[in-house]
Amino acid sequence: MSLLHWAIVSPFIFAIMVPIVYKYFRKIHTGWFILPLPILLFSYFLSFLSNTRENQVTSETLTWIPSLGIDFTVKVDGLGLLFTLLITGIGSLVVLYSIYYLGKNKEKLNTFYTYLLLFMGAMLGVVLSDNLIVLYLFWELTSFSSFFLIGFWYDREKSRYGAQKSMLITVFGGLCMLGGIILLYLMTGTYRLSEIISLVSPELFEHYLFIPAMIFILLGAFTKSAQFPFHIWLPDAMEAPTPVSAYLHSATMVKAGIYLVARFTPFFGESPVWFWLVSGVGLLTLFWGSFNAVKQTDLKSILAFSTVSQLGMIMSLLGVGSAALHFESIPDSYFTVATTAAIFHLFNHATFKGSLFMVVGIIDHETGTRDIRKLGGLMTFMPITFTLSIIGAFSMAGLPPFNGFLSKEMFFTGMVRVQEMGLFNLETWGILFPIIAWIASIFTFVYSMVLVFKPFTGKYQPEKLEKKPHEAPLGMLISPIILASLVIIIFFFPDLLSESIIAPAMASILPSLLSGTETFHVHISAWHGFTIELFMTIGVVALGTILFLTREKWKQVYNIFPEKLAFNRLYNGLIESSQRLSHTFTNMYMNGSIRSYLIYIFAFFTVILATTLAVKDAFTVNTTNLAPIGVYEVLLSLLIVIGCIAILFAKSRLTSIILLGAVGYTVSLFYVLFRAPDLALTQLVIETVSVALFLLCFYHLPKKRNEERIRFKLTNLLISIGVGTMVTLIALSAHSNKLFDSISQYYVENTYTEAAGKNMVNVILVDFRGFDTMFEITVLAIAAIGIFSMIRLRLAGRKER
Amino acid sequence: MLEIVVNIALLVIAIAMVCLIYRVIKGPTMPDRVIALDAIGINLVAIIALVSIMLKTSAFLDIILLVAILAFIGTVTFSKYLEKGVIVEHDRRNR
């Protein structure tokens, strides 16, 4: 196990230790013990920067199940490193923030940090695993730990609902992804991601599993990253504690899907289906999320929909960026700008969204509410929080001098250039890309402004607040301050990121564009000159300001429109109707009546045997080895048939019992006739005993029961005729298909010589095949004991006494 | 020669049994049926003996004895049931 493996496993080890630490050091907040780990990991992963800058890949393997091709292979390349830095860096800040956010005495800190560490380890595993099965393992672990964290306050109804919803949707996607992984294995014969990507070839595009594998993998990515229409779990996941929302539902887990799409771009990217699916769904999500964010009244819901929208933006950029794979080489990063923008915005989004969530957490913590209708005029009480929220929200809206401006400009550039690519019939529909992007950006601007100005400006309403608002403690402010300062620093010095992080990550996403030791040259500048992007941004600001100021007038749009199109309603309806349907269905066939179950059993028996006979053409009649029929056999058979038919039409039960006895005795006569004296003896005795037992049961029947004939039912008749016919047909065919001679000659020869007996039946029973006899004795013993205990042991009756 | 005799005897007994079965089904009272069943048992003994002769084997002689015993026990049991309403009497003092 290398150091890299220990880095992934260390959060799990820490997670085991958390309860112990929590129990024995109650005086100190448990978070302080956790904090060093992500910081340590962060600095450890920083040390890889110099390697990835030269596009060197660090890879370590730990054999796990070599016979199945499953190894715990860890690979650090540009993309993986970007994600690990986000996970550990924001992880440290979130742990620090949570120390001040969660009370030492009120909350169950041991469970919280256990889940959080589980999540952190799982997320590191997802982004570093090179083996797809291991990646899936960690993927599911993120789903589970996220489920636990959303349901952290499990005594609240809404937390449980949100946790269940996110679990159902993400696990659905995870299982789809597993299907995709298996299809990939069938296509390529390996689980190693790097090998799969290196195998990409035009023949694979033609493979019939290529499109299904792509769709399954994308389903996994879309559900995890809350893409349309699977975005519905994210707003409900906001019931989690705010540090969790900041960490999982803005910076890390929801980007696992983005990671997956970026990872598979070299493999699937050249297919037009991939381009249209990824960029189309991304754009739809971008628009839908930003459109819905405006109507929310809860600060965290606004942030949730904004996360959905921004994830859609990154996704669409990745889709558009995949088109660059069609060009052999690109001199001036002309078509790769979308990929650059995706990675850049991925990073930026993590910074400003993390800080915004923390800001909202502070507002919630200090005023007791997150409802924007109750909040107002907090500027004078919380100046630092206000500054932080301005930085975060303006960056989200895409204004200078914040990093969101840079990535939004690049986003527009990428979308505008879609038309110039001349691929996939983009000439006609390509114009939609920049238009949707532009409209969505206007909505983004509007909700960002709502986020800043509603709580902090306007009228202060102390009567609606539970607490008297005041500035947050310093410890709580440290993390958002660090993130907000990153937001500004990246705007002024974007090249800090471009060569160290973005270029290596692009090399992982678009490896085929590089030859040899070449690296991408990313240059991000704030000023492009008077280009179309700049005018688009100006338009966004102008229209957005107008819409923000007049939003009371056009808010009616939301009242008529989205409620009917809400996917929550569809989800709830699906859950409800599936429960109702399965309930009615189960009630329909599990009706508690043994008659019905017997009908199912016999009907299936008949149908299956009949189809088998028909399909295999197995029915044959061979009369060559039949014995001659004597008069006595005919007479006895007639007797049995008459007896059986008489049982069916008997008026009283007593007659049926006697007739049954008669049938039994006739069978023993058959034994006599067919020369089986032992059988005849036993049959006679047993028949007598069982008739006596039947009479006993008859005697104890309740008196009220009126004696009547068996009622006629057509289904019963048909099924009984079917079963009888099938058994007869199969017996005939089986007898006609005797392939081998009987082995009884051995017994005939050896009964006396080997076993010293003359009665062959008895010698078989106790010598040749004595084991069967032993266990039949056991059966009889069990039956006797059972009858005895049923009669004597009456627990229910004893209680009444 | 013997075979023909055996066959005739079997036929006659079979006719007798059919008549007895008619009595079992029809028999106006329960004792009628019980007597008929007892007679059927005895006829069975005869049939089995004749079949043994026909098959030239002595392996079925046990069965003859058994049927005779069963017929006796059955008749006694039925009689007791008809007379007392129960078959095995519970002796409450011994419990």
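One line per chain: the protein sequences are A and B, in this order.
My numbering puts the first residue of the first sequence at 5, with every later residue one more than the last.
My numbering puts the first residue of the second sequence at 7, with every later residue one more than the last.
Don't be surprised by glycine CBs; every beta carbon is placed ideally from N, CA and C.
Outcome for residue i when other beta-carbon atoms lying within 10 angstroms are tallied against a minimum of 16
i: A/S205; result: exposed
i: A/P42; result: buried
i: A/H474; result: exposed
i: A/R421; result: buried
i: A/S363; result: For the record, residue 363 of chain A in the displayed sequence is Val; it is not Ser. Under this definition A/V363 is a buried residue.
i: B/T35; result: exposed
i: A/R805; result: With a pLDDT of only 47 at A/R805, under the threshold of 50, the placement of this residue in the model should not be trusted; the figure read from the coordinates follows. Exposed is the call here.
i: A/D134; result: buried
i: B/M7; result: exposed
i: A/M191; result: buried
i: A/Y28; result: exposed
i: A/I791; result: exposed
i: A/F539; result: exposed
i: A/N595; result: exposed
i: A/T588; result: exposed
i: A/N626; result: exposed
i: A/C180; result: buried
i: A/D745; result: exposed
i: A/K717; result: exposed
i: A/Q583; result: exposed
i: A/P466; result: exposed
i: A/R267; result: buried
i: A/R796; result: exposed
i: A/H704; result: exposed
i: A/T692; result: buried
i: A/L602; result: exposed
i: A/T448; result: buried
i: A/R679; result: exposed
i: A/E470; result: exposed
Cβ-based neighbour list, residue i, same chain, cut-off 6 Å, excluding 5 preceding and 5 following
i: A/F76; result: L66, W68, V138
i: A/G273; result: S326, L329
i: A/G286; result: G316, M319, S320, G323
i: A/I440; result: L287, F291
i: A/K108; result: H33
i: A/G647; result: L663, A666, V667
i: A/A250; result: V98, G358, F361, M362
i: A/A342; result: L321, V324, G325, G418
i: A/A444; result: L290, F291, S294
i: A/T269; result: S326, I513
i: A/A308; result: L238, P239, M242
Same chain, Cβ closer than 8 Å to residue i, five either side skipped, listed in chain order
i: A/I103; result: H33, G35, W36, L39, G479
i: A/S660; result: I651, A654
i: A/F409; result: S399, G402, L403, F495, A530, T541
i: B/S64; result: S58
i: A/L382; result: I367, T371, T389, F390, P459, F460, Y464, P473
Bridge-paired residues (DSSP) for residue i
i: A/E64; result: A/V78
i: A/N135; result: A/R196
i: A/I69; result: A/I74
i: A/D302; result: A/D375
Beta-carbon contacts of residue i that lie in its chain and below 7 Å, excluding the five residues immediately before and after
i: B/A84; result: Checking the displayed sequence, the identity of residue 84 of chain B turns out to be Phe instead of Ala. Result list for B/F84: V40, in chain order.
i: A/I482; result: L100
i: B/K86; result: I93
Interface partners of residue i on chain E, CB under 8 Å
i: B/A65; result: Checking the listed chains, one finds no chain E in this structure; the protein chains it contains are A and B.
In the segment 676 to 698 of chain A, which residues sit with their C-beta less than 8 Å from some C-beta in chain B, listed in chain order? V676, L677, R679, P681, A684, L685, L688, V689, T692, A696
Residues in the segment 22 to 41 of chain B with C-beta within 9 Å of chain A's C-beta atoms, listed in sequence order? I27, V30, I31, R39
Which residues of the segment 637 to 663 of chain A have a Cβ closer than 8 Å to any Cβ of chain B? Give them in chain order. L639, T659, I662
Inside the segment 49 to 77 of chain B only - beta strand (DSSP E) runs reaching at least 3 residues: none
Mind checking the segment 68 to 79 of chain B against chain A and listing, in chain order, the residues whose C-beta falls within less than 9 Å of any C-beta there? D68, I69, L72, V73, L76, I79
Please go through the segment 746 to 791 of chain A and give each complete alpha helix (DSSP H) segment of 4 or more residues, from N-terminal end onward. 748 to 759, 764 to 767
Whole alpha helix (DSSP H) runs in the segment 664 to 722 of chain A with 4 or more residues, listed along the chain? 681 to 703
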